[in-house]
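Undergrad: Mapping to this note's numbering: the sequence shown position 149 is 150, numbers consecutive. In this text, a Cβ means the ideal position worked out from N, Cα and C, and glycines have one as well.
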Amino acid sequence: MLVASNRGPVSYQVREDGSLFAKRGGGGLVSGLSAIGPETGTLWVCSALGDGDREAVRRGVGEDGVRMLDIPADVHADAYNGIANSVLWFVHHMLYQTPVEPVFDAEFRRRWAAYETYNRAFAEALAEKAAEGAAVLVQDYHLCLVPGMLRELRPDLRIGHFSHTPWAPDAYFRMLPDDIRAQLLRGMLGADRLGFLTRRWADAFTACCAELPGGPGDTRIGVHGLGADADFLRARSRETDVEERMAALREEIGAGRRTIVRVDRTELSKNIVRGLLAYRQLLDDHPEWRERVVHVAFAYPSRQDLAVYRDYTAEVQRLSREINERYGTPGWTPVLLHVEDDFARSLAAYRLADVALVNPIRDGMNLVAKEVPVVSDAGCALVLSREAGAFAELGVDAITVNPYDVVETARALHEALTMPAEERAARSKRLAEAATALPPAQWFLDQLNALREPGGPGSGQPS
Numbered sequence: 002m003l004v005a006s007n008r009g010p011v012s013y014q015v016r017e018d019g020s021l022f023a024k025r026g027g028g029g030l031v032s033g034l035s036a037i038g039p040e041t042g043t044l045w046v047c048s049a050l051g052d053g054d055r056e057a058v059r060r061g062v063g064e065d066g067v068r069m070l071d072i073p074a075d076v077h078a079d080a081y082n083g084i085a086n087s088v089l090w091f092v093h094h095m096l097y098q099t100p101v102e103p104v105f106d107a108e109f110r111r112r113w114a115a116y117e118t119y120n121r122a123f124a125e126a127l128a129e130k131a132a133e134g135a136a137v138l139v140q141d142y143h144l145c146l147v148p149g150m151l152r153e154l155r156p157d158l159r160i161g162h163f164s165h166t167p168w169a170p171d172a173y174f175r176m177l178p179d180d181i182r183a184q185l186l187r188g189m190l191g192a193d194r195l196g197f198l199t200r201r202w203a204d205a206f207t208a209c210c211a212e213l214p215g216g217p218g219d220t221r222i223g224v225h226g227l228g229a230d231a232d233f234l235r236a237r238s239r240e241t242d243v244e245e246r247m248a249a250l251r252e253e254i255g256a257g258r259r260t261i262v263r264v265d266r267t268e269l270s271k272n273i274v275r276g277l278l279a280y281r282q283l284l285d286d287h288p289e290w291r292e293r294v295v296h297v298a299f300a301y302p303s304r305q306d307l308a309v310y311r312d313y314t315a316e317v318q319r320l321s322r323e324i325n326e327r328y329g330t331p332g333w334t335p336v337l338l339h340v341e342d343d344f345a346r347s348l349a350a351y352r353l354a355d356v357a358l359v360n361p362i363r364d365g366m367n368l369v370a371k372e373v374p375v376v377s378d379a380g381c382a383l384v385l386s387r388e389a390g391a392f393a394e395l396g397v398d399a400i401t402v403n404p405y406d407v408v409e410t411a412r413a414l415h416e417a418l419t420m421p422a423e424e425r426a427a428r429s430k431r432l433a434e435a436a437t438a439l440p441p442a443q444w445f446l447d448q449l450n451a452l453r454e455p456g457g458p459g460s461g462q463p464s
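#1: Put residue 242 into one of helix, strand or coil per three-state DSSP.
#2: State buried or exposed for residue 42, treating a residue as buried only when at least 16 other CB atoms are found within 10 Å of its CB.
#3: Counting C-beta neighbours from all protein chains within 10 Å, is the total for residue 20 16 or more, i.e. buried, or is it exposed?
#4: What's the gap between the Cα of residue 65 and the Cα of residue 44?
#5: Starting from the C-beta of residue 58, find all residues in its chain whose C-beta is less than 7 Å away, skip the five residues before and the five after it, and write them out in chain order.
#6: Does the segment 260–278 come close enough to the segment 399–413 to have 3 or more Cβ pairs within less than 8 Å?
#7: Let me confirm a value: residue 157 is counted as buried when at least 16 other C-beta atoms fall within 10 Å, else exposed. Which label applies?
#8: Per DSSP, which residues does residue 162 bridge with? Please list them.
#9: Taking just the CA atoms, how far does residue 88 sit from residue 433?
#10: Using CA atoms only, rank isn't needed, just tell me which of 94, 203 and 3 is closest to residue 131.
#11: So is residue 446 buried or exposed if we call it buried at 16+ other beta carbons inside 10 Å?
#12: Mark residue 300 as exposed unless 16 or more other C-beta atoms lie within 10 angstroms of its C-beta, in which case mark it buried.
#13: Which word fits residue 214, buried or exposed, when buried means at least 16 other C-beta atoms lie within 10 angstroms of its C-beta?
#14: Leaving out five residues on either side along the sequence, give the residues of the same chain with a beta carbon under 7 Å from the beta carbon of residue 155.
#15: Going by DSSP, what residue range makes up the beta strand (DSSP E) through residue 271?
#16: Check whether the Cβ atoms of residue 452 and residue 136 sit closer than 8 Å, and answer yes or no.
#17: Beta-carbon separation of residue 14 and residue 53 under 8 Å?
#18: Let me know if residue 244 comes out buried or exposed under the rule of 16 or more other beta-carbons within 10 Å of its beta-carbon.
#19: Below 8 Å, can you find three or more Cβ-Cβ pairs linking the segment 384–401 to the segment 413–433?
#20: Have a look at residue 77 and residue 257 and give me their C-alpha separation to the nearest angstrom.
#21: I need the straight-line Cα distance from residue 124 to residue 146, nearest angstrom please.
#22: Going by DSSP in three states, residue 261 sits in which element: helix, strand or coil?
#23: Buried or exposed for residue 421, please, with buried defined as at least 16 other CB atoms from any protein chain shown within 10 angstroms of its CB.
#24: Have a look at residue 185 and residue 144 and give me their C-alpha separation to the nearest angstrom.
#25: Mapping DSSP to helix, strand and coil, what is residue 105?
#26: Let's test the definition: count the other Cβ atoms within 10 Å of the Cβ of residue 73 and tell me whether it reaches 16, buried, or not, exposed.
#27: Assign residue 157 to one of three DSSP states: helix, strand, or coil.
#28: What residue from 114, 139 and 397 has the CA that sits closest to residue 126's CA?
#29: Identify every run of the beta strand (DSSP E) within the segment 357–442, keeping only runs that are complete inside it and at least 3 residues long; order them along the chain.
#30: Hey, residue 182 and residue 150 are a contact pair by Cβ (cut 8 Å); roughly how many whole angstroms apart?
#31: Go ahead and pull the three-state DSSP assignment for residue 314.
#32: Tell me which same chain residues have a C-beta within less than 6 Å of the C-beta of residue 398, skipping the five on either side of it?
#33: Would you list the one or two residues that DSSP bridges to residue 24?
#34: Out of 282, 241 and 304, point me to the one whose CA is closest to residue 270's CA.
#35: Using the Cβ count rule (16 or more neighbours within 10 Å means buried), how would you classify residue 454?
#36: Look at the alpha carbon of residue 228 and the alpha carbon of residue 283, and state the distance between them as a whole number of angstroms.
This is the structure in structure tokens:
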């Protein structure tokens, strides 16, 4: 079995003395692959992402079961930032300000050529290393062309692709140039099986294929809703560093106050700015909450090499300052904003949460919505965007909001804060059960087993 993804399970940093330091990665894919075990001969193909990774490749340093590709830095930058993050991510999350963007000009075509080169490097490495009839699991929007390229090189392989993002509706997907759109779909349809996080995203992909001769063809399409890793989260959230951060947060919050918690990357789709505006609206509409509630907002840097992300991060910080200056008192800071990534502090906030605010504009799944109910000490109310993939599983017990409606979100925050403790605990318990229905290891194994099954009646339809 082979796994292909942009980011691998390990990264390297060069110490001051010139030695290399390896750091293990996290996330659902890494957790899921641990269920397979190294004895099966699994190979993970990934890209060298920084100077430390590239130095490790040059020195021949590596982890067993990992092949890191030293794709030229300029090619990776054009493919990753120029296309994957600046075009495909924006399309699938419907983020464009369409009066002025996108513009598919000659520069776009140059970057698209890099995206093709990047995908071809993965396809060739997989073709070289795969045993006869091996299963290959390709991950996400960075590598949409790999299945088709790999199919041409190695028709004997069982190829799967999994999308960790939403898939754009057909009307939005059509903004891409016709040839690029067709190339993306045919690249994906080179797989035996495609996986998506929700039925909604699977159906959107199928709709986009309607214009192709033969539609999805023999490619099978399935849904696997990645869940939270309950055992890991509960154990990790009880470790000493988390307890220390809980004590520090309690001191910052102040005794007797309620907490509205959000933990996100400063990603445009996470909708942090509107979340802050909704909190400000809450303080305006319900002044009784002033000095009685604190918004604990962790907004960790993301893609800061792109100007639009830097601007968004700056706006989050500016609005947080504005709220604190307008409403704060000597003994109360309305917004506690932290922008330095700290997983232990995130878990501490999860445990303290009375309300979790998860209001993305659009999200493939959003594991924060699943993690907070699992970890929360006393149970928390979940205010959840209907545009999060997690809504399909958690919507019944969450307080649902239109992510664009600041007034409605403020009302939802008030409802969550005033929810009786017994109801909040009962909802939180049901949310935790739904959130952990498909933990990472089982999520990964389900995809692998489905890929190994022969195609049958109904191929090409969501299953």
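TA: The structure says:
#1: The sequence position of residue 242 within the sequence shown is 241, counting from 1. Helix at residue 242.
#2: As a first step, residue 42 is located in the sequence shown; it is residue number 41 there, counting from the start. Residue 42 should be labelled exposed.
#3: By 1-based counting over the sequence shown, the position of residue 20 is 19. Around the Cβ of residue 20, a 10 Å sphere holds fewer than 16 other Cβ atoms; the residue is exposed.
#4: To locate residue 65, count along the sequence shown from 1; it is residue 64. To locate residue 44, count along the sequence shown from 1; it is residue 43. One C-alpha to the other measures close to 8 Å.
#5: Reading the sequence shown from its first residue, position 57 is the one you call residue 58. Non-local beta-carbon contacts of residue 58 in its own chain, meaning distances under 7 Å to residues more than five positions away in sequence, involve 49, 69 and 71 in chain order.
#6: yes
#7: Translated into the one-based positions of the sequence shown, residue 157 becomes position 156. Looking at its Cβ environment, which holds fewer than 16 other Cβ atoms inside 10 Å, residue 157 is exposed.
#8: The residue labelled residue 162 in the question sits at position 161 within the sequence shown. Beta-bridge pairing links residue 162 to 139 and 195.
#9: Residue 433 sits at position 432 when you count from the first residue of the sequence shown. Residue 88 sits at position 87 when you count from the first residue of the sequence shown. Going from the Cα of residue 433 to the Cα of residue 88 covers about 34 Å.
#10: Taking the first residue of the sequence shown as position 1, residue 131 is located at position 130. It is 3.
#11: Along the sequence shown, one-based indexing puts residue 446 at 445. Exposed.
#12: Residue 300 sits at position 299 when you count from the first residue of the sequence shown. So residue 300 ends up on the buried side.
#13: Counted from its first residue, the sequence shown places residue 214 at position 213. Exposed, by the Cβ-count rule.
#14: Indexing the sequence shown from 1 puts residue 155 at position 154. Result list for residue 155: 128 and 131, in chain order.
#15: Indexing the sequence shown from 1 puts residue 271 at position 270. From DSSP, residue 271 is part of no beta strand (DSSP E); its letter is neither H nor E.
#16: Position 451 of the sequence shown holds residue 452. Position 135 of the sequence shown holds residue 136. Yes, these two residues count as a Cβ contact at 8 Å.
#17: Residue 14 sits at position 13 when you count from the first residue of the sequence shown. Residue 53 sits at position 52 when you count from the first residue of the sequence shown. Yes.
#18: Indexing the sequence shown from 1 puts residue 244 at position 243. Classification of residue 244: exposed, given that the 10 Å Cβ count is below 16.
#19: Yes: the two stretches touch, three or more of their Cβ pairs being nearer than 8 Å.
#20: To locate residue 77, count along the sequence shown from 1; it is residue 76. To locate residue 257, count along the sequence shown from 1; it is residue 256. Their backbone Cα atoms lie some 50 Å apart in a straight line.
#21: The sequence position of residue 124 within the sequence shown is 123, counting from 1. The sequence position of residue 146 within the sequence shown is 145, counting from 1. Looking at the two C-alpha atoms, the distance is approximately 9 Å.
#22: By 1-based counting over the sequence shown, the position of residue 261 is 260. Residue state, collapsed to three classes: strand.
#23: Translated into positions along the sequence shown, residue 421 becomes position 420. Residue 421 comes out exposed.
#24: Counting from one through the sequence shown, the residue named residue 185 turns up at place 184. Counting from one through the sequence shown, the residue named residue 144 turns up at place 143. The straight-line gap separating the alpha-carbon atoms of residue 185 and residue 144 is approximately 10 Å.
#25: As a first step, residue 105 must be located in the sequence shown, where it is residue number 104. Correct three-state label for residue 105: coil.
#26: Locating residue 73 in the sequence shown gives position 72, where the first residue counts as 1. By the neighbour-count criterion, in which a residue is buried when 16 or more other Cβ atoms sit within 10 angstroms of its Cβ, residue 73 is exposed.
#27: For the purposes of this step, residue 157 is taken as residue 156 along the sequence shown, with counting starting at 1. Coil at residue 157, not helix or strand.
#28: For this step, residue 126 is matched to residue 125 along the sequence shown. The option with the nearest alpha carbon to residue 126 is 139.
#29: 382–386 and 400–402
#30: Within the sequence shown, the letter at position 181 stands for residue 182. Within the sequence shown, the letter at position 149 stands for residue 150. The beta carbons of residue 182 and residue 150 sit about 17 Å from each other, so the pair does not count as a contact at 8 Å.
#31: Stepping through the sequence shown from its first residue, residue 314 is reached at position 313. In this structure, residue 314 counts as helix in the three-state DSSP scheme.
#32: For the purposes of this step, residue 398 is taken as residue 397 along the sequence shown, with counting starting at 1. Counting only Cβ-Cβ distances below 6 Å, and skipping sequence neighbours, we find 428, 431 and 432.
#33: Residue 24 sits at position 23 when you count from the first residue of the sequence shown. DSSP lists 12 as partners of residue 24.
#34: By 1-based counting over the sequence shown, the position of residue 270 is 269. Nearest C-alpha to residue 270: 304.
#35: Position 453 of the sequence shown holds residue 454. The residue in question, residue 454, is exposed, as its Cβ has fewer than 16 Cβ neighbours within 10 Å.
#36: Translated into the one-based positions of the sequence shown, residue 228 becomes position 227. Translated into the one-based positions of the sequence shown, residue 283 becomes position 282. Looking at the two C-alpha atoms, the distance is approximately 31 Å.
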